[in-house]
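Right, one structure below, let's go through it.
In this note's numbering, the protein residues as written are 291 to 816.
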């Protein structure tokens, strides 16, 4: 079982897991049970229901920090040297600005655009290639979660399905904040769609773990949060758990109360609420099992509320608390921010997307919170197979096929400028600076010793991007005798080019490896 499957079991009222349900029995079963009891003890004549005893929880724990995928500068979540955690929650998928029922990354990139401009698909494959797991988070604070604005049930289900299938994830996170948290119609649409998607995945013999990520105050879930959990359970969604956003308490945090005291109180309140919510839904949790349905996500460093800061000491305290109570999950917002702001950041009390606002080493919060590990000795399996062969091959036996490579095959005789992407041994690399003759996968002691960054594997079904051509007569034919100045456009061998600077006799496209060496730029749009 993967951690996500175990999370399913922890919330799915199964006799072999953490909970047991009160089930109504058929008259045939009731009659048989009555006879059996009557045979053992006189005077017992019948009953209406039977309850299976709740069994003890199997404790599992994981740390999965959030990544703001669309934040700039882009955080390389796939890079093992940048994070102590190989598991990530990628946020946020929301409604597209042009079509409420079309999923997008942050409202700025369609799924296809994210694949080309941010290499999201390949970077996810790279994370899995090194044994990591990925969850996709829908919603967040800044944009509209799909169910908030997509009112067509069939299209809403299709939108969730397209994300789950495209990225082959078995865990999703529904981050419901702001006005959307109090919209009962959206809450119901979401629950209905997610239940249908879980059934589809189950029919295909796959699992889909579902987390609800909700704001909390020092007493636990807010009223709207409790309503969301209740409606989701009523729709028969199997929850992996509820992840409390232990941050930004605002006026609910009494003056002088510490951040550590607030999250302990919030999570303890959440545990009691889940026991009641599951009971109200007709499900009985075993003693202590409510903690295995809980996640906690602090905002590291300076919070949005100026008076609230989550320090490194708070991170250590949270890990100790989570381990003592056997929480299922810890997260944090976000790995993008897990570094000091530096002396050029004017006011550390103002929240930054890219730094924490506290004095720390880069990655310090991740390193502390990542010590919250699964208690099982069994190694979790990744949530998808690597996209390239991992056994039975050696580097020298791998032959790259230009027909199935999205970029040119690396050539030791060509120079490559910063930002140039190449394919080598079924993987995509990007040049960090000008380089010539440096093998992309050559062994090095540190990442700073190579001019190449490994982006991820060549994905199944990829092929070279077609060279855009222009119709005859669109631009004048290039001439070796002509003088061209910046901005001039020509056609050479059916392809359009624009001059970047003064040029005489420089053949367009002749230097394909290093764009900085040629005065010609390929025209991709007329």
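Just so it is clear, CB atoms sit at the ideal spot from N, CA and C, and this is done for glycine as well. Bear in mind that the values here come from a model prediction, so they are computed numbers and not experimental data.
State the Cα-Cα distance for the pair residue i and residue j, rounded to the nearest angstrom.
i: residue 376; j: residue 543; result: 34 Å
i: residue 811; j: residue 710; result: 14 Å
i: residue 682; j: residue 569; result: Low local confidence applies: a pLDDT of 46 at residue 682 is under 50, so the model's placement there is unreliable, with the coordinate-based value given in what follows. Taking the straight line joining both Cα atoms gives about 52 Å.
i: residue 463; j: residue 738; result: 35 Å
i: residue 784; j: residue 713; result: 26 Å
i: residue 341; j: residue 537; result: Bear in mind that the predicted position of residue 341 carries a pLDDT of just 40, short of 50, making it unreliable; the figure below should be weighed with that in mind. Residue 341 and residue 537: Cα-Cα distance of roughly 39 Å.
i: residue 472; j: residue 478; result: 11 Å
i: residue 650; j: residue 755; result: 43 Å
i: residue 800; j: residue 807; result: 10 Å
i: residue 440; j: residue 503; result: 20 Å
i: residue 405; j: residue 638; result: 34 Å
i: residue 631; j: residue 734; result: 30 Å
i: residue 383; j: residue 426; result: 7 Å
i: residue 793; j: residue 771; result: 10 Å
i: residue 578; j: residue 528; result: 19 Å
i: residue 719; j: residue 695; result: 12 Å
i: residue 412; j: residue 745; result: 7 Å
i: residue 657; j: residue 453; result: 30 Å
i: residue 659; j: residue 646; result: 15 Å
i: residue 721; j: residue 511; result: 47 Å
i: residue 571; j: residue 360; result: 38 Å
i: residue 371; j: residue 751; result: 29 Å
i: residue 430; j: residue 797; result: 50 Å
i: residue 368; j: residue 545; result: 41 Å
i: residue 736; j: residue 633; result: 27 Å
i: residue 809; j: residue 457; result: 39 Å
i: residue 354; j: residue 468; result: 23 Å
i: residue 493; j: residue 422; result: 26 Å
Assuming contact is defined by CB atoms lying nearer than 9 Å, are residue i and residue j in contact in what I supplied?
i: residue 506; j: residue 583; result: no
i: residue 642; j: residue 592; result: yes
i: residue 606; j: residue 352; result: no
i: residue 717; j: residue 748; result: yes
i: residue 393; j: residue 450; result: yes
i: residue 485; j: residue 442; result: no
i: residue 619; j: residue 501; result: yes
i: residue 836; j: residue 549; result: The displayed coordinates of the chain run from 291 to 816. Any statement about residue 836 would go beyond what the structure contains.
i: residue 365; j: residue 533; result: no
i: residue 447; j: residue 401; result: no
i: residue 556; j: residue 509; result: yes
i: residue 617; j: residue 581; result: yes
i: residue 612; j: residue 586; result: yes
i: residue 437; j: residue 470; result: yes
i: residue 499; j: residue 530; result: yes
i: residue 732; j: residue 743; result: no
i: residue 723; j: residue 705; result: no
Against chain C, does residue i count as a neighbour if the rule is that its beta carbon must be under 9 Å from one of theirs?
i: residue 623; result: Absence of chain C from the displayed structure is noted, only one protein chain being present.
Drop a sphere of 10 angstroms on the beta-carbon of residue i, count the other beta-carbons inside from all chains shown, and report buried for 16 or more, exposed for fewer.
i: residue 516; result: buried
i: residue 758; result: exposed
i: residue 435; result: buried
i: residue 539; result: buried
i: residue 730; result: buried
i: residue 522; result: buried
i: residue 547; result: exposed
i: residue 385; result: buried
i: residue 409; result: buried
i: residue 624; result: buried
i: residue 697; result: buried
i: residue 566; result: exposed
Of the residues the options, which one's Cα is nearest the Cα of residue i?
i: residue 786; options: 706, 702, 601 and 768; result: 768
i: residue 791; options: 775, 371 and 586; result: 775
i: residue 728; options: 637, 703 and 465; result: 703
i: residue 778; options: 644, 789 and 402; result: 789
i: residue 766; options: 720, 555 and 781; result: 781
i: residue 475; options: 411, 518, 453 and 389; result: 518
i: residue 379; options: 424, 652, 693 and 372; result: 424
i: residue 629; options: 350, 373 and 359; result: 373
i: residue 480; options: 699, 354 and 391; result: 391
i: residue 699; options: 654, 655 and 753; result: 753
i: residue 589; options: 604, 371 and 360; result: 604
i: residue 691; options: 725, 350 and 715; result: 715
i: residue 461; options: 403, 416, 381 and 468; result: 381
i: residue 414; options: 495, 459 and 407; result: 459
i: residue 764; options: 419, 622, 813 and 751; result: 813
i: residue 599; options: 574, 567, 553 and 558; result: 553
i: residue 397; options: 661, 621 and 358; result: 358
Exercise. Going along the chain, which unbroken runs of the alpha helix (DSSP H) with 4 or more residues stay wholly within the segment 407-442?
Worked result: Runs of the alpha helix (DSSP H) inside the segment 407-442: 410-419 and 436-439.
Problem set entry | Completely contained beta strand (DSSP E) runs for the segment 500-543, where each covers 3 or more residues | 529-535
Exercise. Fully enclosed by the segment 451-500, which beta strand (DSSP E) runs are 3 residues long or longer?
Worked result: Those beta strand (DSSP E) runs which fall completely within the segment 451-500 and span 3+ residues are 461-465.
For this session: Report the residue ranges of all beta strand (DSSP E) runs contained in full by the segment 759-791; include only those spanning at least 3 residues, in chain order.
Result: Here the runs fully enclosed are 779-782 and 785-789.
Exercise. Can you list the beta strand (DSSP E) stretches of 3 or more residues lying completely in the segment 596-645, in chain order?
Worked result: Listed in chain order, there is nothing to give.
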